[in-house]
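For the sequence shown, UniProt numbering gives the first residue as 1, with consecutive numbering after it.
We put the CB at the ideal spot given by N, CA and C, even for glycine.
Report on the following structure.
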Amino acid sequence: MVMYDARGHGESTRRPADMSREAAVRDAVTVIHELGLKEETTPLTFVGQSLGGHTAFLAAVAHPESLDSLILMEPGPGAPNPGLPAEIAAWLDRWDPGDRAAMFAAIAELAEAPYHSQWAATTCPTLVVRGANGTMPAADADTEAMPTARGPRPARRRHPPRRHRRRGPRRTSGPTRPTCRHNGRIPQLPLWEGQLNNTRM
Numbered sequence: 001m002v003m004y005d006a007r008g009h010g011e012s013t014r015r016p017a018d019m020s021r022e023a024a025v026r027d028a029v030t031v032i033h034e035l036g037l038k039e040e041t042t043p044l045t046f047v048g049q050s051l052g053g054h055t056a057f058l059a060a061v062a063h064p065e066s067l068d069s070l071i072l073m074e075p076g077p078g079a080p081n082p083g084l085p086a087e088i089a090a091w092l093d094r095w096d097p098g099d100r101a102a103m104f105a106a107i108a109e110l111a112e113a114p115y116h117s118q119w120a121a122t123t124c125p126t127l128v129v130r131g132a133n134g135t136m137p138a139a140d141a142d143t144e145a146m147p148t149a150r151g152p153r154p155a156r157r158r159h160p161p162r163r164h165r166r167r168g169p170r171r172t173s174g175p176t177r178p179t180c181r182h183n184g185r186i187p188q189l190p191l192w193e194g195q196l197n198n199t200r201m
């Protein structure tokens, strides 16, 4: 397993000049190829949460040869959402002003551009996970619009808002422990893995 900090997050460049969706996809594909993660004998699953999930499905459409399957947690293809910056403004008020500006830059395109065509064009096996009390609405229509998507029943877990800081891209041989502490568990994980495996058959 390899985890990396997206630009503007964690230990990556905190305030890069380019926070576009195109730059995020370029970074993801660069990590895959520079670290030699895509090998003929080893299927590559890209896991992304929220904005990372958005990056993952855009990468799958733009570079289908670079990955084999997706697990998307709380993603959204998103029609333009002009209200998005205001919706997260109160949450971002607790951030350092420079970091706040970087996050607004990261979501700017989500407020203006539609991504339904890319969502529907995703062809690799995809597991979509949305929490019943999550930050994204449980939009069944979105899942149905992606021909290869599967989605388990919503998991009801409450987590306090938090920011993850990780060092590096990290390569591990097994499951990793997050650097933050919380009481959340994901008992559905074996079910999700089984559902994703079924889409590969």
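Item, Value
"Along the chain, where does the beta strand (DSSP E) containing THR42 start, and where does it finish?", "Where THR42 is concerned, there is no enclosing beta strand (DSSP E), given that its DSSP letter is neither H nor E."
"Can you name the residues that DSSP bridges to GLY48?", "LEU72"
"Between THR41, ASP5, LEU127, which lies nearest to THR30 when the distance is taken from Cα to Cα?", "ASP5"
"Anyone know if the C-beta pair for ARG26 and LEU58 falls short of 8 angstroms?", "no"
"Can you give me the start and stop residues for the alpha helix (DSSP H) that THR30 sits inside?", "21 to 34"
"Would you call residue 237 buried or exposed, if buried means 16 or more other Cβ atoms sit within 10 Å of its Cβ?", "As displayed, the chain neither begins before 1 nor continues past 201, which places residue 237 out of reach and without an answer."
"Are GLY10 and MET19 close, meaning C-beta to C-beta below 8 angstroms?", "no"
"Below 8 angstroms between beta carbons: does that hold for SER69 and THR45?", "yes"
"Exposed or buried, what is THR172 when buried is set at 16 or more other beta-carbons lying within 10 Å of its beta-carbon?", "Per-residue confidence for THR172 stands at a pLDDT of 46, beneath the threshold of 50, marking its modelled position as unreliable; the derived number appears in the next sentence. That one is exposed."
"Give a yes or no on whether the C-beta atoms belonging to THR55 and ALA24 are separated by under 8 angstroms.", "yes"
"In the DSSP assignment, find the alpha helix (DSSP H) that holds HIS116 and state where it starts and stops.", "116 to 121"
"Just verifying my parser: in three-state terms, what is the DSSP assignment at PRO82?", "coil"
"Helix, strand or coil for GLY10, going by three-state DSSP, please let me know.", "coil"
"With a cut-off of 8 angstroms on the beta carbons, I'd call PRO64 and THR126 a contact; round off their distance for me.", "Actually they do not touch by this definition, with Cβ atoms about 12 angstroms apart."
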